[in-house]
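Colleague: Numbering (our numbering), first residue to last: 17 to 238.
Questions regarding the structure given below will be posed in turn.
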């Protein structure tokens, strides 16, 4: 699978075994048949999760966590799009096939389910990175409401995390191709101005700054 820039979405596979037809007279299939679904993820997985038809949600969750080397997994869950195209949580105690009604091409995504009041509780840099990406998704979707100045500050740290130190051409090219905020065009100059102040800040430092700002917002973790 191709490598990607920091923070880009990857399409990994989830292979879910089809349940048997239940017909006593049907001959057994010559090989196991799996339906292919898509998992939005942020780094390549070494191989797709293979989930048996009678597996529960926790089996799939544990497989994704293991393959992604996610240590602080208690904060996370899997969401999937139901028949109405709404995002719903995968229930750990229920069979996957009883929850995923669309036979093929269901979209899954790893999401933060439980938010600590203090991001300093997060021990792993990779966990903080995934939390930062959740904040990025919530900003884009308009779920993390804040003032324009705070939004510009968050976007400037995300920009630093994505492309490193300020470069006017690189900043404008990135913002032209990537949406970080619903009102990005209106405050683009402010984003670039704030980005200039983050010289030398590492991606890990930028992720931490995003969480420090986001945790003070009313809609953090809602």
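Glycine residues also receive a C-beta, built at the ideal position from the N, C-alpha and C atoms.
For residue 117, I'd like the list of residues in its chain whose CB is within less than 8 Å of its CB, leaving aside the five on either flank, ordered along the chain.
Modeller: Residue 117 sits at position 101 when you count from the first residue of the chain shown. The residues are 98, 99.
Colleague: Would you mind stating whether residue 207 and residue 175 have Cβ atoms separated by less than 9 Å?
Modeller: Mapped onto the chain shown, residue 207 falls at position 191. Mapped onto the chain shown, residue 175 falls at position 159. In contact: residue 207 and residue 175 (Cβ atoms closer than 9 Å).
Colleague: Does DSSP put residue 90 in a helix, in a strand, or in coil?
Modeller: Counting from 1 along the chain shown, the entry for residue 90 is found at position 74. Correct three-state label for residue 90: helix.
Colleague: Spatial neighbours of residue 110 within its chain, please: CB distance less than 8 Å, with the 5 preceding and 5 following residues excluded, ordered by chain position.
Modeller: If you number the chain shown from 1, residue 110 lands on position 94. Taken in chain order, the residues that qualify are 72, 73.
Colleague: Which residue wins for smallest C-alpha separation from residue 165, given the options 125, 185, 209, 153?
Modeller: Position 149 of the chain shown, counted from the start, is the residue given in the question as residue 165. Answer by Cα proximity: 209.
Colleague: Excluding the 5 residues preceding and the 5 following residue 145 in the sequence, name in chain order all residues of the same chain whose CB lies nearer than 7 Å to its CB.
Modeller: Locating residue 145 in the chain shown gives position 129, counting from the first residue. Counting only Cβ-Cβ distances below 7 Å, and skipping sequence neighbours, we find 223.
Colleague: Compute the beta-carbon to beta-carbon distance between residue 155 and residue 197, rounded to the nearest angstrom, for a pair I have assumed lies under 8 Å.
Modeller: Here residue 155 corresponds to residue number 139 of the chain shown, with the count starting at 1. Here residue 197 corresponds to residue number 181 of the chain shown, with the count starting at 1. Right, their Cβ atoms sit about 6 Å apart.
Colleague: What do you get for residue 225, buried or exposed, if any count of 16 or more other CB atoms within 10 angstroms of its CB means buried?
Modeller: Within the chain shown, the letter at position 209 stands for residue 225. Residue 225 comes out buried.
Colleague: Count Cβ pairs between the region 122 to 140 and the region 87 to 97 that sit closer than 8 Å; are there 3 or more?
Modeller: Yes: at least three Cβ pairs fall under 8 Å.
Colleague: Mind checking who residue 144 pairs with in its DSSP beta bridge?
Modeller: Walking along the chain shown from the start, residue 144 turns up at place 128. DSSP, once it has assigned bridges, lists no residue as partnering residue 144.
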